[in-house]
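Asks: Protein chains in written order, with this note's numbering: chain G, 1171 to 1510; chain F, 1171 to 1510. For each residue, glycine too, the CB sits at the ideal point set by N, CA and C. All values derive from a computational prediction rather than experimental measurement. Before we start, here is the structure in question, set down as C-alpha cells.
There are 2 protein chains.
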Amino acid sequence: MQKRTSLKDIAAATGVSTALVSYVLNNKKEGRINKLVAERIRAMAVKMNYRTNQIARSLKTSRTYTIGLVLADISNPFSAALARYIEDAADQEGYTVVFGSSDENPIKYKKILDALLNRQTDGLILSPPENSELLIKSLQHQVPFVLIDRYFPTLPTNQVLLDNYGSAYQATRHLIAAGYKQIGMINYDSALVHLAERSRGFTTALAESGLPAAPGRLQLVHATALREETELAMKNLLGKPTPADAVIFGSNIVAMHAVKYLKENGIRVPGQAALVTFDETDAFDLFYAPLTAIRQPIRKMAVEAVRILLANIEKENLPVEQVTYPGKLIIRASSAPRDQ
Amino acid sequence: MQKRTSLKDIAAATGVSTALVSYVLNNKKEGRINKLVAERIRAMAVKMNYRTNQIARSLKTSRTYTIGLVLADISNPFSAALARYIEDAADQEGYTVVFGSSDENPIKYKKILDALLNRQTDGLILSPPENSELLIKSLQHQVPFVLIDRYFPTLPTNQVLLDNYGSAYQATRHLIAAGYKQIGMINYDSALVHLAERSRGFTTALAESGLPAAPGRLQLVHATALREETELAMKNLLGKPTPADAVIFGSNIVAMHAVKYLKENGIRVPGQAALVTFDETDAFDLFYAPLTAIRQPIRKMAVEAVRILLANIEKENLPVEQVTYPGKLIIRASSAPRDQ
DNA sequence: CAATTTTGTTTAATCGATTAAACCGAGTTT
DNA sequence: AAACTCGGTTTAATCGATTAAACAAAATTG
C-alpha cells in the first residue's frame, strides 16, 4: 500500500506551512490568502491525491460525523428498510452510519454499544431489546440518542414510534366491521411495551364492541421458537369449539409462519380465517389472498429520528422529543368482508 | 453531556503517568508493573467509567478495526443477508462494519467510497456497480479490498463469487430434464459480467441439448423500469406462437415482478409456465407453487470475503485470491416435471 | 563493594489535523 | 517619522492515546 499524503507532505511540496494548507483546503480565512498560493496548494493536493484523514480531524474537533444505528436484525425487511432510510437521511446531512445487529440479545447489545461509543460516534439511533432499560438509561448525559420503534415508558428519551395501540385498535375494528366475530391475535410474549400496546389495542377494541375477548384468543409466542409456537398458536385459535374466524399478527415474521401454516394445511383465507398483520411486506403479495397490513411510515420515522438526533448533536439540553405516527391500514383480500 | 475521562484523567487521579495507565489497561509490560499500582489504576478506570478513545488510538496506530461494506441496496434481501453475515464474521474478529448503499449508481458509489477512505477503514468489501471498473482499479495499492458477488474479468482482484454460469446451466438442464422444451429467461440488460454469465449458462445448456434457443427467448430488462419491462418480457415469452413453457429469472426481484404478473393474469405454474429463479427468498414460499431457486451460499461467501480481507489487512502483497462457489438448486413445485 | 541487572515508572516524541495567536513587511494614517 | 492597519503566513499548542527510550532505585552478581 502506498503511503497516504498528509497536509505536511503538501506543505513540504509547496513550500508553505501546514497551517496554510489546512486553511486553503477548508476554505477558511477566505479573503486573506494569496490566490496564487491557494491555487498552487489546491493543485498539489489534487496531484498528490490528498484526502483528509478524518481520524486526525475528529481527534482535534471531537466530531466524527458518524452515527451509530443498532437494530434487532438487519436481515428483517422492516429493519432493512429502516436502516436504508436512515442511511439516506444521514447521508444527506453529511453523516455516515455505522450499523450493528443486536439479535434481541442485551449482552450483544451492550457490546455493540460499547464499540460505537469507543469509536466516538456523534450520536445513536437505537431500537432497544428487552431488559436493556438500565443500559439505555446509562447513555443519558453520555451521548445524544433517539429511540426508534421501541421505548421505555419510564424513561424520558427522544423517541420516534408507531402508534401501536391505535394501529391494533384500528385493525381490530376493521375486522369487526367486516363481519368477523371470533377475532384472535398472535403476538410476541415480550416485555417490550410497544408490543404490549398492540395487544392492548386488540383487547380494547373487542371489549368496546361488546364482543367477548374469549380466553385464549390472545396467543403469545416467544421469538426464540417462533415457528413452532406460531403453528401451535394457530392450532389453538382455529381448533377450539368456536374457532377464530380472523387473526391479527403482531409482526410480519409471525404472519409469515402463520401463512405458511395455513397454506400447508389448506385453510382458506379469508373464508376460514381472515388475516391482518403488522408490517407490510412484499412477500405477502404472492399469497393468493394478499394480506391486509398495518403499514408503518418507515421513511418518515427514519427522517424524523435523524432530524431529532442531529439537532441534539448540534445543541445540548434540547427538550425531549417524542413523536408517534399513526399506522395506515392497507386493506387487501385477506380481510374481505365475511359472507353472511 | 458529561466529559469523557481520558488516560490523563486517570493518571492524575491515581498519581501516575499516562504511560503507565496505558500499559496497565492494555496489559502490556506484563510482569514489570507493580500489582498494587495496576489494581489501583484499573479500579480508577472502572470508577471513572473510562473507555478508550478509539479515534486517538487509531491515529497513533493507524488501525481503525473498521471495514467498509458497499452493496447495491441494503433493503434487498440478498444484500441484507450478505450484510448480516459479514457483520457477524467481522465482529468475531473484532471489526466493526460501516455500511453504504450504492443504488447501482457509480457516482454515489464513489462518494461512499471516498467517505470510507477518509475514515481510514482498514479494508473494504465491495459489490461494484456497472461502469466502476476504473474506480475499483484506482483502489489497488491504496487499500485492501475484496469484491463480492460481482467482478471485472480484466482486473486481478480478490473476489468471492457465485458460479453464475454453472448455476444457470444447472437450472436450465433441470428444466430440460423435467420435460420442458421452450425455455426462456429474463435477465438484466447489464454490463455486469456476473449477470452475463447467467445468460451464457442458459444459452449454452440449451445449445448442448439440441434445443433451439429460439430468438427472443432471452429477454433482457433494465433495472430502472424493472416492473414494466419484466411484465413486457413475460408477455413476449408467453405470447408467441410457440410460447415458452418455462422461464428462468436472473434475480429474485425480477422473479417477484414476474410472479405477480402471472398471478394477476391467472397463468398456472407450472402448468403453463414452470419457473426457476436465482436467489432463494422466503417470499416465494407463499406462492401456491413455491419457486425452485438457485441458492447462493451467502454465509460461506461472507465469511470467506471477511477472511480474505483480514488476511490482506494483516499482511501486504499476498497473492490474489479468487473464490467461486457453486449455487445449489433447490427444487420446489414451480418446476415440477411436465405432464406428457 | 563496584558493576551489572532487574524492576517499576516517567519522559517525550509521535500520529495528522485544527486554529488561536504571533509575526512580518508593506501601506496608511496622523 | 512614529504609530497603526492589514494582508499573508507561520508558530506552536492541542486533541488522546501509544511506545521507544531514558531514568531511578532496588536487587543481584562476581
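1. From the DSSP output, which residues share a beta bridge with residue 1444(G)?
2. By alpha-carbon positions, which one of 1445(G), 1195(G), 1312(G), 1238(G) ends up nearest to residue 1219(G)?
3. What residues in the segment 1293 to 1316 of chain G bring their beta carbon closer than 8 Å to a beta carbon of chain F?
4. Spatial neighbours of residue 1268(F) within its chain, please: C-beta separation below 8 Å, excluding the five flanking residues on both sides.
5. Using CA atoms only, rank isn't needed, just tell me which of 1255(F), 1302(F), 1265(F) is closest to residue 1278(F).
6. Given this structure, state the Cα-to-Cα distance separating residue 1281(G) from residue 1294(G), to the nearest angstrom.
7. Under three-state DSSP, which class holds residue 1410(F)?
8. Can you check which of these residues, 1300(G), 1353(G), 1488(G), 1379(G), is closest to residue 1410(G) by C-alpha distance?
9. Reducing DSSP to helix, strand and coil, say where residue 1356(G) ends up.
10. Threshold first: 4 residues or longer. Then list the alpha helix (DSSP H) segments lying entirely within the segment 1363 to 1394 of chain G, N to C.
11. So is residue 1441(F) buried or exposed if we call it buried at 16+ other beta carbons inside 10 Å?
12. Please classify residue 1208(G): does DSSP put it in a helix, a strand, or coil?
13. In the DSSP assignment, what residue or residues form a beta bridge with residue 1329(G)?
14. Since residue 1451(F) contacts residue 1422(F) with CB under 8 Å, what's their CB separation in whole angstroms?
15. Opposite residue 1293(F) in the DSSP bridges: which residues?
16. Given a cut-off of 8 Å, decide if residue 1491(G) and residue 1478(G) are closer than it, judged by their beta-carbon atoms.
17. List the residues of chain F whose Cβ lies closer than 9 Å to the Cβ of residue 1217(G), in chain order.
18. Any beta carbon from chain F within less than 8 Å of residue 1172(G)'s own beta carbon?
19. Restricting to runs no shorter than 4 residues, where is the alpha helix (DSSP H) found entirely within the segment 1448 to 1493 of chain G?
20. Take every Cβ of the segment 1340 to 1351 of chain F, pair it with every Cβ of the segment 1371 to 1379 of chain F, and state whether three or more of those distances are shorter than 8 Å.
21. Rounded to the nearest angstrom, what separates residue 1467(F) and residue 1357(F) at their Cα positions?
22. What residues in its chain sit with their C-beta under 6 Å from that of residue 1265(F), if we drop five residues either side in the sequence?
23. Quick check on residue 1232(G): does DSSP put it in helix, strand or coil?
24. To be precise: take each residue of the segment 1455 to 1487 of chain F, compare its Cβ to all Cβ atoms of chain G, and keep it if any distance is under 7 Å. Which residues remain?
25. Have a look at residue 1215(G) and residue 1256(G) and give me their C-alpha separation to the nearest angstrom.
26. Quick check on the burial criterion: 16 or more other C-beta atoms within 10 angstroms. Buried or exposed for residue 1420(F)?
27. If you draw a straight line from the alpha carbon of residue 1230(G) to that of residue 1225(F), how long is it in whole angstroms?
28. How big is the Cα-Cα spacing for residue 1428(F) and residue 1397(F)?
29. Quick one, are the C-beta atoms of residue 1454(F) and residue 1464(F) less than 8 Å apart?
30. Which residues, in order along the segment 1387 to 1421 of chain G, keep a beta-carbon less than 7 Å from a beta-carbon of chain F?
31. State the DSSP-derived secondary structure class of residue 1201(F), mapped to helix, strand or coil.
32. Give the secondary structure of residue 1271(G) by DSSP, where H, G and I count as helix, E and B as strand, and everything else as coil.
33. Can you check which of these residues, 1394(F), 1173(F), 1185(F), 1431(F), is closest to residue 1232(G) by C-alpha distance?
34. Between which residues of its own chain and residue 1431(F) is the CB-CB distance below 6 Å, once the five residues before and five after are set aside?
35. By the 10 Å Cβ neighbour count, where 16 or more other Cβ atoms means buried, how is residue 1362(G) classified, buried or exposed?
36. Given a cut-off of 8 Å, decide if residue 1331(G) and residue 1359(G) are closer than it, judged by their beta-carbon atoms.
Replies: According to the structure data:
1. Counting from 1 along the first sequence, the entry for residue 1444(G) is found at position 274. DSSP output for residue 1444(G) lists 1416(G) as bridge partner(s).
2. Against the first sequence, residue 1219(G) aligns to sequence position 49. Residue 1219(G) has its Cα closest to that of 1195(G), out of 1445(G), 1195(G), 1312(G), 1238(G).
3. 1311, 1312, 1313, 1314
4. Translated into the one-based positions of the second sequence, residue 1268(F) becomes position 98. Excluding positions up to five away in sequence, the list reads 1236, 1237, 1238, 1239, 1286, 1289, 1291.
5. Locating residue 1278(F) in the second sequence gives position 108, where the first residue counts as 1. Nearest option by C-alpha distance: 1302(F).
6. Start at 1 with the first residue of the first sequence, and residue 1281(G) comes out as number 111. Start at 1 with the first residue of the first sequence, and residue 1294(G) comes out as number 124. When rounded, the distance between both Cα atoms is 14 Å.
7. For the purposes of this step, residue 1410(F) is identified with residue 240 of the second sequence, where counting begins at 1. Note: residue 1410(F) maps to coil in three-state DSSP.
8. Taking the first residue of the first sequence as position 1, residue 1410(G) is located at position 240. Among 1300(G), 1353(G), 1488(G), 1379(G), the Cα nearest to that of residue 1410(G) belongs to 1353(G).
9. As a working mapping, residue 1356(G) is identified with position 186 in the first sequence. Strand.
10. 1363 to 1378
11. Here residue 1441(F) corresponds to residue number 271 of the second sequence, with the count starting at 1. Label assigned to residue 1441(F): exposed.
12. Taking the first sequence and counting its residues from 1, the one referred to as residue 1208(G) is at position 38. In this structure, residue 1208(G) counts as helix in the three-state DSSP scheme.
13. Taking the first sequence and counting its residues from 1, one reaches residue 1329(G) at position 159. Bridge partners of residue 1329(G): 1317(G), 1492(G).
14. In the second sequence, residue 1451(F) corresponds to position 281, counting from 1. In the second sequence, residue 1422(F) corresponds to position 252, counting from 1. Yes, residue 1451(F) and residue 1422(F) are in contact; Cβ-Cβ is about 5 Å, under 8 Å.
15. Counted from its first residue, the second sequence places residue 1293(F) at position 123. DSSP output for residue 1293(F) lists 1237(F) as bridge partner(s).
16. Position 308 of the first sequence holds residue 1478(G). Position 321 of the first sequence holds residue 1491(G). Yes. Within cutoff.
17. For the purposes of this step, residue 1217(G) is taken as residue 47 along the first sequence, with counting starting at 1. Simply none; closest approach about 15 Å.
18. Here residue 1172(G) refers to the residue found at position 2 when the first sequence is read from its first residue. Interface residue, yes.
19. 1468 to 1484
20. yes
21. Position 297 of the second sequence, counted from the start, is the residue given in the question as residue 1467(F). Position 187 of the second sequence, counted from the start, is the residue given in the question as residue 1357(F). Rounded to whole angstroms, residue 1467(F) to residue 1357(F) spans 21 Å at the Cα level.
22. Along the second sequence, one-based indexing puts residue 1265(F) at 95. So the qualifying residues of the chain are 1235, 1237.
23. The residue given as residue 1232(G) occupies position 62 in the first sequence. Residue 1232(G): coil per DSSP, three-state reduction.
24. 1455, 1456, 1457, 1458, 1486
25. For this step, residue 1215(G) is matched to residue 45 along the first sequence. For this step, residue 1256(G) is matched to residue 86 along the first sequence. Rounded to the nearest angstrom, the two C-alpha atoms are 33 Å apart.
26. Looking up residue 1420(F) in the second sequence gives position 250. Flag for residue 1420(F) reads buried.
27. Locating residue 1230(G) in the first sequence gives position 60, counting from the first residue. Locating residue 1225(F) in the second sequence gives position 55, counting from the first residue. Rounded to the nearest whole angstrom, the C-alpha separation of residue 1230(G) and residue 1225(F) is 10 Å.
28. The count along the second sequence starts at 1 and reaches residue 1428(F) at position 258. The count along the second sequence starts at 1 and reaches residue 1397(F) at position 227. Taking the straight line joining both Cα atoms gives about 8 Å.
29. Walking along the second sequence from the start, residue 1454(F) turns up at place 284. Walking along the second sequence from the start, residue 1464(F) turns up at place 294. Cβ atoms of residue 1454(F) and residue 1464(F): not closer than 8 Å.
30. none
31. Here residue 1201(F) corresponds to residue number 31 of the second sequence, with the count starting at 1. Three-state DSSP puts residue 1201(F) in a helix.
32. What you label residue 1271(G) is simply residue 101 of the first sequence in a count that begins at 1. In this structure, residue 1271(G) counts as strand in the three-state DSSP scheme.
33. The residue you call residue 1232(G) lines up with position 62 of the first sequence. When 1394(F), 1173(F), 1185(F), 1431(F) are compared, the shortest CA-CA separation from residue 1232(G) is found for 1173(F).
34. Translated into the one-based positions of the second sequence, residue 1431(F) becomes position 261. These residues qualify, in order along the chain: 1401, 1404.
35. Counting from 1 along the first sequence, the entry for residue 1362(G) is found at position 192. Residue 1362(G) should be labelled buried.
36. Taking the first sequence and counting its residues from 1, one reaches residue 1359(G) at position 189. Taking the first sequence and counting its residues from 1, one reaches residue 1331(G) at position 161. No.
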